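Residue numbers (our numbering): 517 to 678. Virtual Cβ for every residue (Gly too), placed ideally from N, Cα, C. No experiment lies behind these values; they were computed from the predicted model shown.
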Ligand code: SF4
Ligand code: SF4
């Protein structure tokens with residue numbers, strides 16, 4: 517995505533007067549306020565109830581180009597990510613890594629992504645759940661790739677340090 521495309525999606529909130537006096541510190545995102553899955557060309561192949569027993573990495577599998585990537589065990593963050601890009605990466609046969617961030621109803625992107633993944637893991641056994649999640653390399657870096665500075669994790673650390 518080019519810088520021009522990104523700037524077209526954002527408008528200083530001062531334009532509506534809400535944050536008058538704060539300059540351009542905050543922006544209002546004009547991208548659709550729903551999850552990427554809703555505009556994904558593979559959404560019809562995403563099962564109503566997913567049940568994952570393992571997470572795979574793109575280089576470990578031959579990726580089916582028609583089927584939902586999450587249903588193939590690939591860590592696609594479409595369920596937690598805001599729509600608006602047209603599912604660019606998914607169309608290129610790569611999982612969404614979440615660069616569009618969350619919808620307006622989500623306070624913490626990584627927490628939302630983790631919650632979405634936890635809801636589709638096919639086990640209630642603690643050790644099995646840990647085993648499955650250990651297949652995600654660098655979970656913090658993966659789930660907070662674009663949002664760590666704004667995350668609740670960082671705020672918690674700041675409160676403890678105070
Ligand atoms: S999980 Fe990924 S591949 Fe599946 S429907 Fe959502 S965005 Fe598309
Ligand atoms: S990472 Fe996700 S939100 Fe960003 S361009 Fe790729 S598919 Fe779109």
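- Between the alpha carbons of residue 588 and residue 558 lies a gap of roughly 12 Å.
- DSSP places residue 562 outside both helix and strand once states are collapsed to three, so it counts as coil.
- Runs of the alpha helix (DSSP H) lying entirely within the region 641-674 and spanning at least 4 residues, in chain order: 642-649 and 655-659.
- For residue 614 against residue 629, the beta-carbon gap comes to about 7 Å, under 8 Å, which counts as contact.
- Approximately 7 Å separates the beta-carbon atoms of residue 658 and residue 591; this is inside 8 Å, confirming the contact.
- Of all alpha-carbon atoms in 631, 627 and 639, the one lying nearest the alpha-carbon of residue 669 is that of 627.
- Distances from the CB of residue 601 to the heavy atoms of ligand 1 are all 7 Å or more.
- Taken through DSSP and simplified to helix, strand or coil, residue 593 comes out as coil.
- Sorting 620, 642 and 576 by C-alpha distance to the C-alpha of residue 544 places 620 at the top.
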